[in-house]
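K.L.:
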């Protein structure tokens, strides 16, 4: 893994470490924010929901703006601005108790994510060049490592004081800001845009093949989110739920690079993504009998679902990120990522409402619907892959490329 990381450009290496630190800082604080607001500040449940919802809304709703700013201003300044803004937001969360101030801090942390997420991915894609799939596989390893380490560090600091959690998280982002100011080189993948922002958004939104692919993949985000929604609700045991998160992170950490290398030798991008979606759909099939019998869901069944969901995500993710770049034609890459993330966020919010309603009607309806959603997404990607115009223009569905020992060190 270390040799593979060293084979990339130093800017890509820095962005990998950057993403690890971003997730450590985020996940050491955010899982415990609701408890601090309700138990520490004694806010009403609706106020807690409003603060948490503000962060999600400001991030998901502003991804498109963040991507556009990255394309117009360059990736580096937008990444730095995002880290600086999250430094201020996390610091503020630890020292304010009035609802308006909490909402401002929450909005700051959300907008920060909307700034650096599309910019980081566009920068990685640009820096990795033809090795984008490999780079995004490694990127996901660092991403998942941060998700695994963050809560462990956070719960240790929480034993002292929630303010300490906020200070340490803010310090991590402050250090990232300084590191990127000193070590991250400027990067702009194309000439500055001369048209208006609305023209940029219109061009992205009217990119038919990209739009079709983005809509086809929305369901995958709904499915993967059920590790945080449907499975915990049905298990109802905090220890078992924690086990799901740990298993999911470990599967991604240990399997991502190997699975990606294996898939690149055998399948095209569309085949890998389609098979990943099929795995995600199959993840919910073992749960259906328990829904029919109205029986409690065993931990083993939830673990099997989690492993299949994670493997499906691990298989599809690097090829998915690469496909977005290919469908953008190399233009407005960060804006395409922002548009893509916005659609995914809307889909997850809508999908979670539907899944919650189906769980109320009976778990069998939720598990069946989720399996069908995965199958439909897989079919949609497969249909797009058979579009000869897409295949010719973007070279997405050609023969798989064999991996040489020089291009992908082990």
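Residue numbers (the UniProt record's numbering): 1 to 410. Beta carbons are placed, not taken as given, at the ideal position from N, Cα and C, and that holds for glycine.
1) Going by C-alpha to C-alpha distance, which of 325, 29, 311 and 336 sits closest to residue 164?
2) Less than 7 Å between C-beta atoms, sequence neighbours within five positions excluded: which residues of the same chain meet that for residue 351?
3) With a 10 Å radius around its C-beta and 16 neighbouring C-beta atoms as the bar for buried, classify residue 166 as buried or exposed.
4) Can you round the beta-carbon distance between residue 343 and residue 146 to whole angstroms, since I take them to be within the 8 Å contact cut?
5) Between which residues of its own chain and residue 356 is the CB-CB distance below 7 Å, once the five residues before and five after are set aside?
6) Taking residue 118 as the reference, which of 66, 109 and 6 has the closest Cα?
7) Of the choices 133, 98 and 23, whose alpha-carbon is the least far from that of residue 258?
8) Grab me the residues of residue 362's own chain with a C-beta within less than 7 Å of its C-beta, minus the 5 sequence neighbours each way, in chain order.
9) For residue 388, which residues in the same chain have their Cβ closer than 7 Å to its Cβ, ignoring the five residues on either side in sequence?
10) Out of curiosity, what's the CA-to-CA distance linking residue 225 and residue 348?
11) How many angstroms separate the CA atom of residue 383 from the CA atom of residue 276?
12) Distance check for residue 152 and residue 3, CA to CA, integer angstroms please.
13) Just tell me which of 294, 135, 244 and 57 has its CA closest to the CA of residue 425.
14) Can you check the stretch 19-102 for any alpha helix (DSSP H) of at least 4 residues that lies completely inside it and give the ranges in chain order?
15) Considering only the beta carbon of each residue, do residue 183 and residue 244 sit closer than 8 Å?
16) When burial is assigned at 16 or more other CB atoms within 10 Å of the CB, is residue 401 buried or exposed?
17) Helix, strand or coil for residue 236 per DSSP?
18) How should residue 58 be labelled, buried or exposed, when 16 other C-beta atoms within 10 angstroms of its C-beta is the threshold for buried?
19) For residue 207, which residues from the same chain have a beta carbon less than 6 Å from its beta carbon, with the 5 sequence-adjacent residues on both sides left out?
20) For the putative contact between residue 62 and residue 114, defined by C-beta atoms under 8 Å, what is the C-beta separation to the nearest angstrom?
21) Counting only runs that start and end within the stretch 157-197, where is the alpha helix (DSSP H) found for 4 or more residues in a row?
22) On a CA-only basis, which of 359, 123, 249 and 328 is nearest residue 15? Give me that one, please.
23) Does DSSP classify residue 296 as helix, strand or coil?
P.N.:
The short version:
1) Considering only alpha carbons, the answer is 29.
2) 222
3) Flag for residue 166 reads buried.
4) Actually they are not in contact, since the Cβ atoms of residue 343 and residue 146 sit about 24 Å apart, beyond 8 Å.
5) none
6) 66
7) 133
8) 291
9) At residue 388, the pLDDT of 48 sits below 50, so the modelled position is not reliable and the matter cannot be decided from this model.
10) Distance between the alpha carbons of residue 225 and residue 348 is about 7 Å.
11) 15 Å
12) 27 Å
13) Outside the shown range of the chain, which is 1 to 410, sits residue 425, and nothing can be said about it.
14) 45-60, 63-73 and 75-93
15) no
16) Because the pLDDT of residue 401 is 46, which lies under 50, any placement of that residue in the model is unreliable, and the number read from its coordinates should be weighed accordingly. Residue environment: residue 401 is assigned as exposed (fewer than 16 neighbouring CB atoms within 10 Å of its CB, all protein chains considered).
17) coil
18) buried
19) none
20) Rounded to the nearest angstrom, the Cβ distance from residue 62 to residue 114 is 4 Å, consistent with a contact under 8 Å.
21) 162-183
22) Closest option to residue 15, Cα to Cα, is 123.
23) coil
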